[in-house]
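**Student:**
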Amino acid sequence: METCSGIILGSILPLAMSADVTVLDTSARLAVPASETRFLAALAFTLKWEGGFANNPFDPGGATNMGITQAVYDAWRLSNGHPTQSVEFISISEVQAIYKQLYWDKALCSMFAAPLDAVQFDSAVNFGVRPANKLLQTAVNDLNSTNGTAPTGLKVDGILGPVSLAAIAIENPIELAGRYMSLRVLRYIDLAVGKSSLLIFLRGWLHRSGALLGVF
């Protein structure tokens with residue numbers, strides 16, 4: 020488990036810890052856009068907590084490797100014209116591509132300022148894109164209500180359309196990310212209370228949330 024995540028982190032962290040633009044090859048002067056650097060930074064954090072290959076009987080996701088389930092891996096390989104194989108053998112390039120396409124891009128993370136982008140990404144990985152979007156919409160409504168400003172009245176439907184994106188854009192990203200994380204912790208507790216077999220994951224979920232708050 021440590022070995023698998025260590026290999027991929029070794030290839031990602033040098034990029035993730037750089038400035039807005041990272042030169043990968045000094046002779047070719049090829050630069051990584053800021054949005055890509057932000058993705059790599061968010062991915063590096065998430066992979067620290069996802070670990071390597073596991074097939075925990077209490078995990079509803081079944082067999083996973085670096086946070087990617089067998090079902091997600093099968094669907095992604097088939098959609099790209101490749102035969103299915105055990106997620107145990109997933110490659111580093113596949114890991115990056117799957118997280119970029121299915122979570123970072125679909126959850127519109129590049130549209131948000133730090134640290135909200137990382138919170139949205141990690142939540143999309145944990146809960147799924149649409150549930151993460153609902154948490155974000157709820158956080159916007161809650162934040163406005165707490166601050167005494169006029170509620171945006173966002174419909175919590177998990178669809179980040181123009182109205183939701185406009186409401187998110189006017190919020191302080193640090194305050195919004197903090198409220199988002201509060202809702203996320205409550206969601207973890209609800210999951211564990213609602214299904215006793217998930218209690219064994221609660222401590223790790225809460226530690227992960229604390230670590231994510233630490234990057235604010």
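Residue numbering for the sequence shown follows my numbering, starting at 20 and increasing by one per position.
Heads up, the beta-carbon is just placed ideally off N, CA and C, and yes, glycines get one too.
Every value quoted in this text rests on a predicted model; they were computed, and no experiment measured them.
Which residue comes first and which comes last in the alpha helix (DSSP H) that contains alanine 211?
**Tutor:** 192-213 is the extent of the alpha helix (DSSP H) around alanine 211.
**Student:** If methionine 85 sits next to valine 138, beta carbons under 8 Å apart, how far is it from one beta carbon to the other, in whole angstroms?
**Tutor:** Contact doesn't hold; Cβ gap of about 20 Å is too wide.
**Student:** Quick check on isoleucine 111: does DSSP put it in helix, strand or coil?
**Tutor:** helix
**Student:** Do you know how far the Cα of lysine 125 is from the Cα of leucine 62?
**Tutor:** 15 Å
**Student:** Could you check if aspartate 176 is buried or exposed, using at least 16 other CB atoms within 10 Å of its CB as the buried criterion?
**Tutor:** Counting the other CB atoms within 10 Å of its CB gives aspartate 176 a total below 16, which places it among the exposed residues.
**Student:** Roughly how far, in whole angstroms, is the beta-carbon of phenylalanine 140 from the beta-carbon of threonine 65, given that I think they are within contact range, below 8 Å?
**Tutor:** With a Cβ gap of about 7 Å, phenylalanine 140 and threonine 65 count as contacting.
**Student:** Considering only the alpha carbon of each residue, which of Val182, Val204 and Ser215 lies closest to phenylalanine 146?
**Tutor:** Per the Cα distances, Val204.
**Student:** May I ask you to report which of helix, strand or coil DSSP gives alanine 73?
**Tutor:** strand
**Student:** Closest to arginine 96 by CA distance: which of Glu69, Ile117, Ala82 and Pro79 is it?
**Tutor:** Per the Cα distances, Ile117.
**Student:** Please classify aspartate 209 as buried or exposed, where buried requires at least 16 other C-beta atoms within 10 Å of its C-beta.
**Tutor:** exposed
**Student:** Less than 8 Å between the CB atoms is what I'm expecting for valine 159 and glutamate 194, so what's the real figure, rounded?
**Tutor:** Not quite, the Cβ-Cβ distance comes to about 10 Å (not below 8 Å), so this is no contact.
**Student:** Could you compute how far the alpha carbon of valine 144 sits from the alpha carbon of leucine 179?
**Tutor:** 17 Å
**Student:** By the three-class DSSP mapping on this structure, what secondary structure does isoleucine 189 have?
**Tutor:** coil
**Student:** Quick check on isoleucine 219: buried or exposed, where buried means 16 or more other Cβ atoms within 10 Å of its Cβ?
**Tutor:** exposed
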